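Undergrad: All residue numbers for the sequence shown refer to the numbering used here, where the first residue is 6 and numbers rise by one. Okay, here's the structure, questions in a sec.
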Amino acid sequence: MHIVELPALGTRLALDEATRSSALDKELSRLNQDHYDLQRLLANTPIRSMLIVGAGAGLLPLYFAAALPDARICVLEPLQKSIKTLQKNAKQNGLDNIHILRGSYADVTSAEATLFVMESHGTARMSFYRGDLDHVTATKAVPTFSMPDILSAFELTKFDSVFLSDNSPATHAVTKGLTADNCGLLTGVLAETVDPLDLKIFLKQQGIRAFLRSDDHSHFIDEKADGNMLLSIVLPIYNVAAYLPQCFESLLAAAPPCTEFLAVNDGSPDNSAEVVQTWAARYPSIRLINKPNGGCASARSAGLHQATGEYITFIDPDDWLFPDSLARLCRAAVLGSTDIVQGGFAKYYESSSHSELINEDWIARDFHRLVLDQGNIRRLLTLQPTIWRRVYRRVFLLENGLDFYHHIRRFDDLPFQFEALSLCRSFKAIPDFIYNYRLQRPGQDVAVNDDRLYVHFDIFALLDSFVRRLGAQQVIAQLLRVKLNTHGWALGQIRDEFKQKYQELALADIEATRQMLDETEFSKVISERDDHGALVTPKKGLFASFKRKQQPVVTPAPRKTEAKSPPLDDEVAVS
């Protein structure tokens, strides 16, 4: 007799000695690790019936039978040996609510109508194709059932929960037959062979709640079935009519199914609204939202609050995307319900029709796997604002009160990015180029060099309040780096008649950060800079009193609404 402790249930099971195996130990470990997730899910779904697809090592049906004594635990299992062992252990432990159907799932419209099994020496191999097995003559055909047949065999019309016991294709085939009418909750093992995006879209389209986790616990899919939109794309529209056809064409080729396109017309004086309406007539997923002119921030905010997608992205309508790019971002995002996922981008210079792929090898190297360490994620805070090459989990934004400041009429992407990355708890970067960022288009502000640059101080006043509330020294230090880079760039741009006032305001701005930051950390950040002469005019200017011996950093390029020119780099160095 083999005794298995189930402390989460406050009970133990007495199993036949033949049941002992590494597979059973693996199931026990998984149950102990997943117990509270399962309890959370099951608590929100009254379970009167459960279908377990595959008996596995035999522990899973026994666990659920003990945890849900009033529920019918139905097991679909193709192997006769596994069935006999399960029946023996169920009887031995007085669990009379387990019901077994020998067979496997097969779609009635599929050519895979028969499952072949070869059992020998305690092992078993299965395939829908007899030729895949070594000894064709030793194989046995196992009956297959459609989902209506399975329900009928157990005299049910719906399973409150369906549990996938392993990651085999035969087990996961059952998902093809699930609908909201026959399945209330899908749980169990997430197979490596399953495309996570396809599965997520299927669950949304069918309205099925689900929580599936990979065997190694590195990935999971969580579907709450609270809406059928996966992605919302927000486009702030203002004087971009000429660029909208290319943008929409690229978006339709880039986005996955279950996507909505929210074009927010910010009182544009050109015919942008008419262009959007023409596209919306052809594609119902495109929706025009009209509002009085309030600036890019207010347009993005309006889109955010009308969005229904699980994920959201903010695209500049004069840019365009690579094919399948947003689908690739979403595929990475749905594994683990990641807060933010980003891809690479290319700069396109309209005056010369030249494209340049931006090299970000260090990001692809350090963030290609899901990163949960906030300290690591916050290394990204000093990057140039590039909110358009990311998808954000919408609930993450709403729960943290992340939005665009309406009164910031320029550079509203800077505070949004800084706050979002500061609060982000899960981040991933895919090593793919997804976005074409257009520079030097006619009509852009290509020479911002006057008092409009004073908007930086309104932005940094907001961020000072944010970091003061957050109280994280690492974030305050990163804000200081952003200020140094931004003010250094601005002083190289602004006309002489505005320079002295900008210097005075910048010095006070940096001093405000100094008051919040540990003096040692403040000195460390200042000591990183050795390029004051290149950044500040005159040389003995803004940073003179802070100068140390340092290593140079790369200056940031101006953002979309600032002057854009090829010689400037796009990012600042990250310490």
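Ideal Cβ placement from N, Cα and C applies to all residues, glycine included. Note that the structure is predicted; figures quoted are calculated from it, not measured.
From what residue to what residue does the alpha helix (DSSP H) around Met-521 run?
TA: Note, Met-521: alpha helix (DSSP H), 501-521.
Undergrad: When you compare only the Cα positions, how much space is there between Ser-358 and Phe-253?
TA: So the alpha carbons of these two residues sit roughly 20 Å apart.
Undergrad: Could you give the distance in angstroms between the alpha-carbon of Ala-425 and the alpha-carbon of Leu-407?
TA: Using only the alpha carbons, I get a separation of about 7 Å.
Undergrad: Whose CA, out of Thr-162, Arg-107, Ala-332, Arg-474, lies closest to the CA of Phe-438?
TA: When each option's Cα is compared against that of Phe-438, the closest is Ala-332.
Undergrad: What distance in whole Å lies between the Cβ atoms of Ala-304 and Asp-271, which are believed to be in contact at a cut-off of 8 Å?
TA: About 4 Å; that satisfies the 8 Å criterion.
Undergrad: Quick check on this structure: which residue in Pro-174, Asn-187, Pro-420 has the alpha carbon closest to the alpha carbon of Leu-161?
TA: That would be Asn-187, whose Cα lies nearest to the Cα of Leu-161.
Undergrad: Can you determine whether any heavy atom of the ligand NAD sits closer than 6 Å to the C-beta of Leu-18, and answer yes or no?
TA: For the ligand NAD, the structure offers nothing, since it holds no ligand at all.
Undergrad: Starting from the C-beta of Ser-342, find all residues in its chain whose C-beta is less than 6 Å away, skip the five residues before and the five after it, and write them out in chain order.
TA: The residues are Asp-227.
Undergrad: Using DSSP with H/G/I as helix, E/B as strand and the rest coil, what is Lys-529?
TA: Reduced to three states, the DSSP call for Lys-529 is helix.
Undergrad: Report, in whole angstroms, the separation of the C-beta atoms of Val-460 and Arg-415, which I expect to be a contact under 8 Å.
TA: Right, their Cβ atoms sit about 5 Å apart.
Undergrad: Is the Cβ of Arg-395 closer than 7 Å to any Cβ of chain C?
TA: The structure shown contains no chain C; it holds only a single protein chain.
Undergrad: Which residue's Cα is closest to the Cα of Ser-306: Leu-340, Arg-17, Asn-94, Leu-402?
TA: Ser-306 has its Cα closest to that of Leu-402, out of Leu-340, Arg-17, Asn-94, Leu-402.
Undergrad: So, for Thr-176: in the same chain, excluding its five sequence neighbours on each side, which residues have a beta-carbon less than 7 Å away from its beta-carbon?
TA: So the list reads Val-58, Gly-59, Leu-169, Ser-170, once near-sequence residues are dropped.
Undergrad: Just the C-alpha distance for Ala-338 and Ala-369, rounded to the nearest angstrom, thanks.
TA: Taking the straight line joining both Cα atoms gives about 15 Å.
Undergrad: Quick check: Gly-308 and Val-245, are their CB atoms within less than 7 Å of each other?
TA: The answer is no: Cβ separation not under 7 Å.
Undergrad: Excluding the 5 residues flanking Lys-488 on each side, which residues of the same chain have their C-beta closer than 7 Å to its C-beta?
TA: Excluding residues within five positions, the ones whose Cβ falls inside 7 Å are Phe-465, Asp-514, Ile-515, Thr-518.
Undergrad: Just to confirm my understanding: we take Gln-498, look at its own chain, exclude 5 residues before and 5 after, and list those with CB closer than 6 Å. What are they?
TA: Excluding sequence neighbours, Gln-498 sits near Asn-454.
Undergrad: Pull up the distance between the alpha-carbon of Ala-482 and that of Val-530, whole angstroms please.
TA: Rounded to whole angstroms, Ala-482 to Val-530 spans 7 Å at the Cα level.
Undergrad: For a test of the three-state rule: what should DSSP assign to Val-453, helix, strand or coil?
TA: It is coil, neither helix nor strand.
Undergrad: So what's Thr-180 in DSSP terms, helix, strand or just coil?
TA: Of the three classes helix, strand and coil, the one that applies to Thr-180 here is helix, per DSSP.
Undergrad: Closer than 7 Å by C-beta to Pro-201: which residues in its own chain qualify, once you throw out the five before and the five after it? Chain order, please.
TA: If we look at Pro-201 and ignore the five residues flanking it on each side, its Cβ neighbours are Ile-226, Arg-336, Val-339, Leu-340.
Undergrad: Could you check the C-alpha separation between Cys-181 and Phe-207 for me, to the nearest Å?
TA: The sequence as given places Lys at residue 181; Cys does not occur at that position. Near 9 Å, if we compare the C-alpha coordinates of Phe-207 and Lys-181.
Undergrad: Do Ser-87 and Val-147 come within 7 Å of each other at the CB atom, strictly closer than that value?
TA: No.
Undergrad: With which residues is Tyr-587 paired in a DSSP beta bridge?
TA: Residue 587 is absent from the model: the chain starts at 6 and stops at 580.
Undergrad: Looking only at C-alpha atoms, which of Leu-18, Val-199, Pro-12 sits nearest to Met-6?
TA: For Met-6, the nearest C-alpha among the options comes from Leu-18.
Undergrad: Any contact of the stretch 210-221 with the stretch 188-195, i.e. 3+ C-beta pairs under 8 Å?
TA: Short answer: they touch.
Undergrad: Between Pro-297 and Ile-242, is the Cβ-Cβ spacing less than 7 Å?
TA: No, they are not a contact pair.
Undergrad: Is the separation between the beta-carbon of Ala-111 and that of Ile-103 shorter than 7 Å?
TA: The answer is no: Cβ separation not under 7 Å.
Undergrad: To which residues of the same chain is Tyr-68 closer than 6 Å at the C-beta, ignoring the five residues directly before and after it?
TA: Leu-36.
Undergrad: Suppose you measure from the CA of Ser-360 to the CA of Phe-350; what does that come to, to the nearest Å?
TA: Using only the alpha carbons, I get a separation of about 10 Å.
Undergrad: Can you give me the C-alpha to C-alpha distance between Glu-279 and Pro-289, rounded to a whole angstrom?
TA: When rounded, the distance between both Cα atoms is 15 Å.
Undergrad: Using the three-state DSSP reduction, which class does Arg-394 fall into: helix, strand or coil?
TA: Helix at Arg-394.
Undergrad: Apart from the five residues on each side of it in sequence, which residues of its chain come closer than 7 Å, Cβ to Cβ, to Leu-33?
TA: Cβ neighbours of Leu-33 beyond the five flanking positions: Val-9, Leu-64.
Undergrad: Span of the beta strand (DSSP E) holding Phe-601?
TA: One cannot answer for residue 601 here, as it falls past the ends of the chain, which runs 6 to 580.
Undergrad: Is the CB-CB distance between Pro-66 and Leu-91 below 7 Å?
TA: Closer than 7 Å, so yes.
Undergrad: Mark Thr-525 as exposed unless 16 or more other C-beta atoms lie within 10 angstroms of its C-beta, in which case mark it buried.
TA: Exposed is the call here.
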